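> Below is the structure I would like to discuss, written out as structure tokens.
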Amino acid sequence: MAGKRLPDDSMTPRLLFLEGMRRGLPVILTAGPFGALFGALSIDAGMNVTETVLMSATIFAGASQLVGLNLFGQHIPAWIIVLSIFAVNFRHILYSASVGRHIRHWSWLRQAIGFFFLVDPSYAETERRVEQGEDIQFSWYMGLSFIVYVGWVGLTWLGAILGNFLEDSHIWGIDFMLPIYFMGLLMGFRRRSFWLPVVVVSAATSILASETIGSPWHVSIGAAAGILLAVLFSPSGKDKEPEDFESAEGQRKPQTGGG
Amino acid sequence: MSTALIVILGGAIVTYLTRIGGHLVLTRFERVHPRVQAGLDAVPAAVLTTLVAPAVLEGGPNEWAAFVIAVLAGLRVSIIWMVVIGTLSLIVLRQLTG
Chain A
1 MAGKRLPDDS MTPRLLFLEG MRRGLPVILT AGPFGALFGA LSIDAGMNVT
51 ETVLMSATIF AGASQLVGLN LFGQHIPAWI IVLSIFAVNF RHILYSASVG
101 RHIRHWSWLR QAIGFFFLVD PSYAETERRV EQGEDIQFSW YMGLSFIVYV
151 GWVGLTWLGA ILGNFLEDSH IWGIDFMLPI YFMGLLMGFR RRSFWLPVVV
201 VSAATSILAS ETIGSPWHVS IGAAAGILLA VLFSPSGKDK EPEDFESAEG
251 QRKPQTGGG
Chain B
260 MSTALIVILG GAIVTYLTRI GGHLVLTRFE RVHPRVQAGL DAVPAAVLTT
310 LVAPAVLEGG PNEWAAFVIA VLAGLRVSII WMVVIGTLSL IVLRQLTG
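Take a look at the structure:
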């Protein structure tokens, strides 16, 4: 490829790994505090330090971990919590489809390992590297993933240790941190078409459901109402030929900071 | 097995499925119907809204004020600062109204 830089060919796996780590540093500085927040909150929600660290190490997806934790604290059945985690992480399917095209030259085992570490910022960094005409080498990708993963799990552990010392979570406003955080994530999508109608309908439906049927059903019912509204009435869903998948996904801005 | 362990392992399995699933499944289809695409685009906003709206409504004047401050801050600053500003506001408000 003409756009490819020459030094690329002379780079050893070790140098590529270090270069990947360097790209991961700003990621862990911005996403890290949420790892610590998750650790601190999980103690408040009734998990112990081991469970907390295990959750960060195996799920490795910040927003969904906080959603799961929020529902866990409300003593909601496990299968509904797992379903909610799935719903929040559903966006990974699009990252996976996109990144998969760039790592076809990896062995299947490397691909299987690589996909485990596919979080929002590593998706963004990978797409950025492709945009610059570089290959996605396994060493580079694992360097990036290594620092983000170790940082995330390590900060979760620190947060959990700290959370053990916070006796009264009400004084410190910890009980209201999650709604604010989720609102922040929600606002991150506000430029997406049909955002406001979906939010209004999901808000009204979830409030109605939580007042009548009660928790946990307000989550699935409220979300279903908003999604159904978008399927039926979103302007991007009609008057057009079916879109090419790649161009549709090119408009998607990856969320950063949520982990 | 404890509920926590079921949530953690179940969550880990479904999350890994989303990460490898797109590559395994979606790449087999060249096109996604625009209505399905519109629905998929709405998933994060719809799910997150249900986690915010009832929780905010359940709060009192202190929580509502802190929430408004956080949203206004969120228009200008990053999400981590939004959480910091909102939480600090709530701490102060709760101290004042005791």
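Protein chains in written order, with the numbering used here: chain A, 1 to 259; chain B, 260 to 357.
No residue lacks a Cβ here, since even glycine has one placed at the ideal position from N, Cα and C.
On a predicted model such as this, the values are computed, not experimentally measured, just so you know.
Should residue 125(A) be flagged as near chain B, meaning a C-beta pair shorter than 8 Å?
It does not: the Cβ of residue 125(A) has no partner Cβ on chain B nearer than 8 Å.
> Using a Cβ cut-off of 8 Å (strictly closer), state whether residue 154(A) contacts chain B.
So, not an interface residue.
> Note the first and the last residue of the continuous alpha helix (DSSP H) segment covering residue 90(A).
Residue 90(A) -> no alpha helix (DSSP H), and no H or E assigned at all.
> Considering only the alpha carbon of each residue, which of 82(A), 12(A), 101(A) lies closest to residue 273(B)?
Cα-wise, what sits closest to residue 273(B) is 82(A).
> Please tell me whether residue 310(B) and residue 219(A) are closer than 8 Å, where the distance is taken between their beta carbons.
In contact: residue 310(B) and residue 219(A) (Cβ atoms closer than 8 Å).
> Between residue 67(A) and residue 80(A), is the Cβ-Cβ spacing less than 8 Å?
No, the Cβ-Cβ distance between residue 67(A) and residue 80(A) is not below 8 Å.
> Alpha carbon to alpha carbon, how far is residue 107(A) from residue 200(A)? Give it in angstroms, no decimals.
Using only the alpha carbons, I get a separation of about 46 Å.
> If residue 345(B) and residue 325(B) are in contact, beta carbons under 8 Å, what's the gap, nearest whole angstrom?
Confirmed, Cβ separation roughly 5 Å.
> What is the C-beta distance between residue 146(A) and residue 21(A), in whole angstroms, given that I count them as a contact (C-beta under 8 Å)?
Right, the Cβ-Cβ distance comes to about 6 Å (below 8 Å), so this counts as a contact.
> For residue 233(A), tell me which candidate among 123(A), 195(A), 46(A), 156(A) has the shortest Cα-Cα distance.
The shortest Cα separation from residue 233(A) among 123(A), 195(A), 46(A), 156(A) belongs to 195(A).
> Please confirm whether residue 140(A) has its beta-carbon closer than 8 Å to some beta-carbon of chain B.
With 8 Å as the cut-off, residue 140(A) does not count as an interface residue toward chain B.
> Hey, is residue 53(A)'s beta-carbon within less than 8 Å of any beta-carbon in chain B?
Cβ-Cβ to chain B under 8 Å: no for residue 53(A).
> From which residue to which residue does the alpha helix (DSSP H) around residue 277(B) run?
Per DSSP, residue 277(B) belongs to the alpha helix (DSSP H) from 262-283.
> Can you find the residues in the same chain that come closer than 6 Å, C-beta to C-beta, to residue 130(A), ignoring five residues on each side of it along the sequence?
Result list for residue 130(A): 102, in chain order.
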